[in-house]
Structure formats: C-alpha cells, structure tokens
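Have a look at the structure below before the remarks.
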C-alpha cells in the first residue's frame, strides 16, 4: 500500500479562461489530517473536488492511492469507491430514509447483501451518535443531524480518504460543535482527511498540517502551531488577522 | 521531511491550454466531447441543414413570385405560390369588410396599439388610467368603428368581418371580459363563505374540464335557446361569450396563483392598519397579485390567440378560417397553393405568439429582479 | 348600569354589524340571484324548444341514426341508434387519446432529454422544436399534418401494398382480427403474465437483498407479456381469424381501415403535446439539485444508477402533476377531430345535434364525459401527490 494518499504534481485548472488552480504541488501522507483555508474564490473547494473528479484538471497529474486520475472511467470509479466526501449542503437523498441513504452505495456499488449493509450502516450511525434516527427521513432532522448522517453515509463505503468541503458552513452555530466533535473522533481513528473549513479551533486541535490558499495557489503550509504562531507570508498574516479576531 | 512551505514567487497566470478554451474549446466541449457526441452533432447538423435548405429552396429559390392565376403556379417543380398570397392577403386581414371602409379596422388597430405600447413598457406611468382605457373605453370605440351605425359610419355586419380582424377582435374581447370575471372568481374561490366558494370552484372546474370546441358549440347552439324569443345574439358575439367564459376559468387560476404568492403579511398589515377586508384586498393584495400574475395572464392571452382558430367549427372566419376558405378558390388551384397558404399562416401565428411569449418572459424576469415587490 | 352589562349590550349590538351576518346575507342573495337566473333561462328554453317542436329528454337517443361514420372500433352502421353512434364516437376519442398519450410521452421524453443535453446542437434543436410547436395553433398543425398525410397517398386502385397491408388515400388497410368464441383467453394470458412479472421482480429483489447481486429482468418481463397471451390463445385452439381486405377499384371491402383523419389527428396531437411534456420533463430533472448527482457520484454510483435511484425518483415527483395535466389536454384537444372529419365524440355528437336539435342533451353528454375524465385525472394527481410527498418536519 503506497504511503502517499494523495499527490498533486504541477496541477493547473481553468474554468473557461479563468485560471482557478495554479501550479499545485502537494503530497498527502496516509493518515495525515490536512486543513485547507483561505479567502473565498481561492480554489480550495475546487482543489479537493479534483481529487474525486467532480472537477477536471487540465494540466498536471493527480494520483490518489496509487491510481492516476484522468479520463479513464474505471480509474475514476475505483477512486470514488475509496474516497468519501461530505458536502457543505449535506446532499442527503430526501426520498430515502437515513438508513437507506447509508446503505444505497454499499448495496449497489459494493454489491453487499441488504442485511450486511443494514448492519454496517447501523454501526456507523452509532458512531456518529444518531442510531435512533435510522428510519426517519432527512427532512425530519436538524442540520447538524443531517450532516452527521452525511458523514456516516460516506463512511459506509469504508473509504481510505475523507474529503470535507466546508462541512459546518451551512449549520446554525449551536450545531457546529456536534459535527466537529464527530470529525475529531474520526481523525483520532487514523482516517486520512482533507478538510476545507474556516473553523480554526478544529485546525489547531486536529490538523497535522494547515494549508493556506489564495488566488488558486498554495501560499503557505505548516504544522498548526507554526502556522498560527508564526505565519511567514504577508498574505497569510493578513488572512489570519481577518479571521482570528 | 519538513512539511513547512512558503511560496516565494507567484506562479504565473497563464491562459488555458490551446484547444480547451475559446472558440475551439467551446466546440470541443459542447459539440464534440466524445465519439458519440460527435456523431450526434454530425447527424443533427445534416438533418437541420437538409430541412433548412428544403424550406429555403421551396419558399425562395423555386418560389413563383409573379403571376395572375393558377397558370403561374401550376408549372413543373414550382415552389411556393406567392402571387396567391399577394392577391389574397388583404382579404386575410380584413375578411369581407367593404374595401372602402377598411380604414376603420386600421384606425381601431392603431388606437389600440398606441394605447398598448405604453402599457407594456415598465417605465411609463399612469398604468391605472392606461389599463382602464384599454379595458373599458377602447373596446367600445373599436366596436363602434368596426360595426358602425353611429356618427355617420355605415353599418358593417359581423358576418362581413373576417381574417386577422376577427382573430384580434375575438382574442382581445375575450381577454377584456375574462379578466374581471376571472378576478371575481379567484376572489370567490378564496372566500370563506361556503356557498360562494363552492359556486366559484364549480364554475371554474366546469369550464376547465371541457374542450373549447364543445364550449363553442354550446354557445352557438344553446345560447339562442336561453334567450327570450325576440332577442338574438349574432354569431360572433356568441362565440365571444363562449370563449370569454372559457378563458375566465383559466384566468381565475392565474389570479389565484398570484393571490397565493402575495405574502400573508400583506393582508395582516392592511387589517392592522384598520382597513376593512374588502379594502385590504382591493388596495393592497390585488394589485400585487395581478402584477405577479402578468406572465401567466400573457400566457392565457397567447392561448386565446391560438384558440381563436377554433371558431372555424362554428363557421366564423378568423385568419386561419379565411385562408382555408381561400384555398378552395379554383382560380388558384395548384399543388403548392395550400402549402403556401399554411406556410404564411404558420409564419404569422408564430411571429405573433413568439413575440408575446418573449414579452411574458421579459416581465417574468423583471418580476424576479424586483423581488416580487 | 354596570360596566359588564354595558359591554355585553354593546357586543350584542355589534353582532348585527358583524361580518357573519353580512356573509350569510350575501350568500343568500347569490343563491336567490342564481335561482332567479336559472328559472328565467329554463322558462325561455322551454318556450324556444316548444316553438321549434323539440321534445326535451333523452328518448331521442334510441332513434335510428341514419348516418355512417368513416371509422369505428365497435361495429356500427346507419341502422343503429344514436346512442350507439355516440358510443362509437366515444371509443374513437379514447383510441386516439390513448395512443396519442403513449406517443407524446415517448417523444416528449426524448425531446426533454435532448433539451438537457450537453450537446449544444441537440439542446437548441429541441428548444427550436418546442418553440415552433407551441406557437402555432393546434388546428393549423392539424391541417398541415392532414395535408401532409393525405397528399402523397395514392388512389385505392394504386395502393402501396406490403403483404396484406395497404396504404392508400383511404387509409392504412389491415386484416381485421375476428375474435372467436374463446378469444377472451388472451386477457387471461395477460393477467397471468402480469402476475408472473410481479413475482419475478419480487424474486429478483429478494435475491439482491440476500446476496447483493442484481439481475436485469426487464427484457424477461416484456417477453412474458408476449408469451403468455399467445400461449393461452394457442391452448384454446387459436380462435383468431383474420378478415382479409379485398381491393376494389374505389376502395377496400373487408378488413379494417385506419383512416387518414385518424393518422393526421394522432400525429398532430402527439407532436403538439410532446413539446409541453418535454418542458415538464426538463423542469422536473432541473428541479433536482446538482448536489444530488454529485453526492451520488462521490459515493461511486455509476451515472445510470445515479439517475435511476437518486435523480429520477425526485424528478418524477415534479414531472407527474403537469404530465397528467397534459394528458388531459390531449384528450380534450382530440375534439378538434370535428375539423377534419374524424368521428370522435364531439364530431358524432355534432352530427346528432344538427339532425335532432337536441342541443341541451348532447351538450350535457359531452360535459358529463369530459368532466368525468377531468375529475378522474385530478383525483389521480391528488392521490399521487399525497402519496409521494417528501417527508419533512
């Protein structure tokens, strides 16, 4: 099993003629927890969405768990089976129950028998601490509960890497903590995580590395204490002064 | 290995790789993104090219442009028979209206257009007076101009009216009658009084559930039975009554949608200010509801405009009806005559309806931008 | 006087001004007004009918019709009564409506998906089709199709013949199936096929739940619907024979003929309604947020599965209501048959009306039939909406 979970080599991406990712070089090790921060429009979401090919890169190479991502459909499917994603707006399937949301992919992608899938789903629903909601519909849950279900749903595919795209940005403040706690627990179990977020407390607590992006480039990265205590780039300092009051 | 990193120099902002953006990139992404897609593009381009060429060829290249009768159009490999159109077109617009009096429909139309244009433009004010003129005063003026009998104008029976004139008369009168009736029905449907509510619902569902053809038959055949012995309603009026009742049901639903879209807080604010229920509805809720409903109301008008063609089944000659009748003229009997007639009809209807639907879209977008104030 | 008594007295007097009384009075006025109107109309009608020697009532339905229709599903001739003529018209309406609905749905689905396509040309051609069809009156389209269908067809004597089928300006003439004594067994066959198909899909679902493997059984289900009815027919000795048409100089005798009016009406209705169905399909699929398909993709679901399990179920909720509305519109629009002489319910009714003058009765029959169809459709739509509502807080 390769030591590097995700590798970006000279990656460039354009939206039309807008150069949205510039010269991205990044190595993410197995079990590493990375927090990516930066002003809006800096390309942070685009970067992690390139990992599971929700966005396509035009230049450079992206290698996930030893598999190179390109137009090859089989490669993309394999990568998506091993990479889980949690979205800012949850994107739970409203016409299915919580349990069905979680078992959908294991049944149809991993071809798991229903009983096994149900047990698996209940296990992860217990891990995110809402097993009693299994037979409710997403519309009946609060935002924090929905996001936790989304995390469980991604975990049911037993991914090796988890991507989080601003998981708490759409939540009411009192629900942010329950989701962050879940993510902290996940991190403590050794999951490789890439998290785009503004929650710097989470970064300090859990991250192995904090990356600052601006205008499509990686501007600075460092261990959290060094990053927050001694930002070396002018733009990093500016950004931190704006969000840490 | 240290994980610390600080960017020394900005990576250059570059243009995208050749062939991925700009014209070539657009082509690649939208037309030729995969083998299947490329094949589809080629196939569709061939089909559209063939169709477009056929129409152009028939209408213009092989079209007969001058002539006086069927001899000109009955030649081999002829395309569209345009002399037929040149000769018949005035009749298609005015029907059998006496030629000397044709200035009257034209005047009526011009007055209407002059009053309508400021109504349609969002910036121009005095909308209320404008609407009142259009809905109340103008129909009377137009009807007088067309029918005659007063002010020294000679009488022209409605049986002589035909063509585009009839289409416009029927459609516009239909809207003029169905709008107030529709508003009343919509309000009735919202009412808390059970009898009024059920009566409104029954009326609306009745007219919405039956085909327009049956309504026209009903108006044409049953209305004379309902009227006392001496009174008679001429054929055109009967059709207009039928069409108006039919349209009022759809109008009621459009206005109801508008009423429901007006925030409940508006009614509450009005009542809190001390206005009576009726005043609140009339002065606060209804104006907003109507403004919101405008795209749907224009849609209903477009539908009415198209539905006027159905008066053919009760022997009234609207634009389509008179073209159809003109096809029987043996003077122009040639293979392409009917095709030319239908082509022109389709073109005219398309231009009218497309323009109206673009206007409806325009008002809808404006409403969204205004935040439905 | 005590304060309470004054208050009570004042509140009592205000009841008389209250909205409630006004409401009752208003309704009472409406009822009286409507009653007066109907009474007046009824009096006029009775007088007018008497002066024209028309007897009201439905007895006229049993009189001999005396007119032929160009096409009928049920056996009908001029010797039958008016009621049977109306029956024939009703079945003709159903025929063109049902087939029209099927064709319009298929075409509408294709155009709707084309409209959503990433291919610029496909998307814009679909848009062009929709705009063209929606802005030209249906009657005009009907005339155009009638002319387009009729013009190239040869005279009966020179009909294009393929096997026992012939195409001429009389229409598409086919051998008419004659169902013998036990032919109803074919319906039993369909029933058995339906049961078998249902059992097959249940078995397939159980299999998947137990082992995780899924098997495609769609094709098998379709085969069942073909095989079982045929099997049952064969079992009773194949009681189906055909009446082969015989070509004469001016027409065909025997067999059954699908008249050009039917084909033109079918084409016009299908193509017209398909444009509206396409818009409904497009609206439905666009209503499902992009995040849903992204989440499905991120979970590893292939595009086909994502569409089937995630997007389509949500899209259908939005598509079905306007879809049923369009089906109803198609059925009502079939009344345009009267303009080209296809003998549907309105057409035959119109002929009867002209012959007998029984306007009220005929119109009542029309209204009852179409209103029932209308109510059935709304009822179905309400049931569907209630059943598939997304559960929320």
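Residue numbers (this note's numbering), protein chains in the order written: chain A, 1 to 245; chain B, 1001 to 1373; chain C, 2001 to 2393. Ideal placement from N, C-alpha and C gives every residue a C-beta, glycine not left out.
Leaving out five residues on either side along the sequence, give the residues of the same chain with a beta carbon under 8 Å from the beta carbon of residue i.
{"i": "residue 4 of chain A", "result": "27, 28, 29, 30 and 63"}
Using the rule of at least 16 other Cβ atoms within 10 Å of the residue's Cβ for burial, across every protein chain shown, is residue i buried or exposed?
{"i": "residue 1283 of chain B", "result": "exposed"}
{"i": "residue 2233 of chain C", "result": "buried"}
{"i": "residue 1066 of chain B", "result": "exposed"}
{"i": "residue 241 of chain A", "result": "exposed"}
{"i": "residue 1369 of chain B", "result": "exposed"}
{"i": "residue 1244 of chain B", "result": "buried"}
{"i": "residue 2203 of chain C", "result": "exposed"}
{"i": "residue 1019 of chain B", "result": "exposed"}
{"i": "residue 2064 of chain C", "result": "exposed"}
{"i": "residue 1088 of chain B", "result": "buried"}
{"i": "residue 1001 of chain B", "result": "Residue placement at residue 1001 of chain B cannot be trusted, given a pLDDT of 44 that sits under 50; the coordinates are not used to answer."}
{"i": "residue 2186 of chain C", "result": "buried"}
{"i": "residue 1121 of chain B", "result": "exposed"}
{"i": "residue 45 of chain A", "result": "buried"}
Round the Cβ separation of residue i and residue j to the nearest angstrom and send it over; I've been treating them as touching at under 8 Å.
{"i": "residue 14 of chain A", "j": "residue 1021 of chain B", "result": "6 Å"}
{"i": "residue 1211 of chain B", "j": "residue 2335 of chain C", "result": "4 Å"}
{"i": "residue 1163 of chain B", "j": "residue 1343 of chain B", "result": "In fact, because the Cβ distance is near 17 Å, the residues do not count as touching under 8 Å."}
{"i": "residue 224 of chain A", "j": "residue 204 of chain A", "result": "5 Å"}
{"i": "residue 214 of chain A", "j": "residue 161 of chain A", "result": "Residue 214 of chain A to residue 161 of chain A, Cβ: 24 Å. No contact."}
{"i": "residue 93 of chain A", "j": "residue 2288 of chain C", "result": "No, residue 93 of chain A and residue 2288 of chain C are not in contact; Cβ-Cβ is about 10 Å, not under 8 Å."}
{"i": "residue 133 of chain A", "j": "residue 179 of chain A", "result": "Incorrect: roughly 15 Å between the Cβ atoms, too far for contact."}
{"i": "residue 1161 of chain B", "j": "residue 1095 of chain B", "result": "5 Å"}
Hey, residue i and residue j: beta-carbon distance below 9 Å or not?
{"i": "residue 2283 of chain C", "j": "residue 2313 of chain C", "result": "no"}
{"i": "residue 1159 of chain B", "j": "residue 1234 of chain B", "result": "yes"}
{"i": "residue 164 of chain A", "j": "residue 37 of chain A", "result": "no"}
{"i": "residue 150 of chain A", "j": "residue 86 of chain A", "result": "yes"}
{"i": "residue 2134 of chain C", "j": "residue 2123 of chain C", "result": "no"}
{"i": "residue 1314 of chain B", "j": "residue 1189 of chain B", "result": "no"}
{"i": "residue 2331 of chain C", "j": "residue 2370 of chain C", "result": "yes"}
{"i": "residue 2342 of chain C", "j": "residue 2102 of chain C", "result": "no"}
{"i": "residue 2213 of chain C", "j": "residue 74 of chain A", "result": "no"}
{"i": "residue 210 of chain A", "j": "residue 228 of chain A", "result": "yes"}
{"i": "residue 2167 of chain C", "j": "residue 2159 of chain C", "result": "yes"}
{"i": "residue 52 of chain A", "j": "residue 2297 of chain C", "result": "yes"}
{"i": "residue 138 of chain A", "j": "residue 2208 of chain C", "result": "no"}
{"i": "residue 2179 of chain C", "j": "residue 2240 of chain C", "result": "yes"}
{"i": "residue 1142 of chain B", "j": "residue 1112 of chain B", "result": "yes"}
{"i": "residue 1285 of chain B", "j": "residue 220 of chain A", "result": "no"}
{"i": "residue 1048 of chain B", "j": "residue 2113 of chain C", "result": "no"}
{"i": "residue 1059 of chain B", "j": "residue 1334 of chain B", "result": "no"}
Between which residues of its own chain and residue i is the CB-CB distance below 7 Å, once the five residues before and five after are set aside?
{"i": "residue 124 of chain A", "result": "102, 152, 155 and 156"}
{"i": "residue 1214 of chain B", "result": "none"}
{"i": "residue 1293 of chain B", "result": "1254, 1255, 1257 and 1258"}
{"i": "residue 2394 of chain C", "result": "The structure shown does not extend to residue 2394 of chain C, since chain C spans only 2001 to 2393, so no value can be given for it."}
{"i": "residue 244 of chain A", "result": "200"}
For residue i, collect the residues of the same chain with a Cβ closer than 6 Å to its Cβ; drop the 5 residues on either side in sequence, then sort them by chain order.
{"i": "residue 2164 of chain C", "result": "2175 and 2244"}
{"i": "residue 2384 of chain C", "result": "2320"}
{"i": "residue 2381 of chain C", "result": "2321 and 2324"}
{"i": "residue 1 of chain A", "result": "Caution is warranted here: a pLDDT of 48 is assigned to residue 1 of chain A, below 50, making its placement in the model unreliable, and the coordinate value is therefore given only provisionally. The answer is none, since no qualifying residue turns up."}
{"i": "residue 2345 of chain C", "result": "2089, 2090 and 2093"}
{"i": "residue 2367 of chain C", "result": "none"}
Cβ-based contacts, 8 Å cut-off: residues of the region 1233 to 1247 of chain B near chain C: none
Interface positions of the region 102 to 133 of chain A facing chain C (Cβ-Cβ less than 9 Å), listed along the chain: 104, 105, 106, 107, 108, 109, 110, 111, 112, 113, 114, 115, 116 and 117
Against chain A: residues of the region 2295 to 2326 of chain C by CB proximity under 9 Å: 2295, 2296, 2297, 2298, 2299, 2300, 2301, 2302, 2305, 2309, 2310, 2313, 2314 and 2317
Interfacial residues, the region 1069 to 1103 of chain B to chain C, with Cβ spacing under 8 Å: none
Chain B contacts from the region 2037 to 2050 of chain C (Cβ-Cβ distance under 8 Å): 2041, 2044, 2045, 2047, 2048 and 2049
Positions along the region 2205 to 2221 of chain C whose CB lies within less than 9 Å of some CB in chain A: 2208, 2209, 2210, 2211, 2212, 2213 and 2214
Selection of the region 179 to 194 of chain A by Cβ proximity to chain C, strictly under 8 Å: none
Residues within the region 1334 to 1349 of chain B neighbouring chain C, beta-carbon criterion of under 7 Å: 1338, 1342, 1345, 1346 and 1349
Cβ-based contacts, 7 Å cut-off: residues of the region 133 to 160 of chain A near chain B: none
Interface positions of the region 1220 to 1233 of chain B facing chain C (Cβ-Cβ less than 8 Å), listed along the chain: 1221, 1222, 1224, 1225, 1226, 1227, 1228 and 1229
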